[in-house]
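Heads up: the sequence shown runs through residues 1 to 149, numbered per the working numbering. Ideal Cβ placement from N, Cα and C applies to all residues, glycine included. This structure is a prediction, so every number in the text was calculated from the model and none was measured. What follows is a short report on a single structure.
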Amino acid sequence: MPLSLDVFLLILRLLLIILLYLFLMQVVIAITRDLKRSAAVGSDEYKGTPIVGHLIVVDSGPSSLLPGTRFDLEPKTTIGRAPTSTIRLTDNFISSAHAFIENRHGTWFVRDIGSMYGTYVNNQPAKEAIPARPGDIVKIGFISFKLAQ
């Protein structure tokens, strides 16, 4: 007995629905796995890492950051949009790997690491590592920060 067109279309629709649900299930599993992995990495990062300074937002430019927002600085801090950055900024004018800030023997050094919109210390381009002191203005993209201890 050959299948009628109506029965054949019904079977195709059911297969499409099943495939759609399988796809959605895979998406949910992938998101859940990624969130669990991010939470595990995030909790490990804060164990025993000393905070040796702060960046305080002075002018947020076109970003959604509020002035006064404070970011902790570790002895070696990377800033960018990448999930592996120590300070993650989601602004469109921030590169995935934007800037590197390092504390060497009590002196801060700020360096741009190949960003498109640049890194500045007191309006000087930081293409090479530039020393910075507390109170100096560090501009990353269009966001201005004040360096604080």
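Asked                                                                                                                                           : Found
Figure out for me which residue from Thr49, Leu55 and Ala132 has the closest Cα to the Cα of Asn123.                                            : Ala132
Pair every Cβ in the region 100 to 113 with every Cβ in the region 73 to 83, then say whether three or more of these pairs are closer than 8 Å. : yes
What is the rounded straight-line gap between the Cα of Thr84 and the Cα of Ile56?                                                              : 21 Å
Between which two residues does the beta strand (DSSP E) carrying Asn103 extend?                                                                : Ala99 to Arg104
What number of angstroms, rounded off, separates the C-alpha of Val138 from the C-alpha of Val121?                                              : 5 Å
Around the C-beta of His98, are 16 or more other C-beta atoms found within 10 angstroms, so that it is buried, or is it exposed?                : buried
Give me the Cβ distance between Ser63 and Ile130, rounded to the nearest whole Å; I'm assuming they're in contact under 8 Å.                    : Going by Cβ atoms, the distance from Ser63 to Ile130 rounds to 23 Å, so no, they are not a contact pair.
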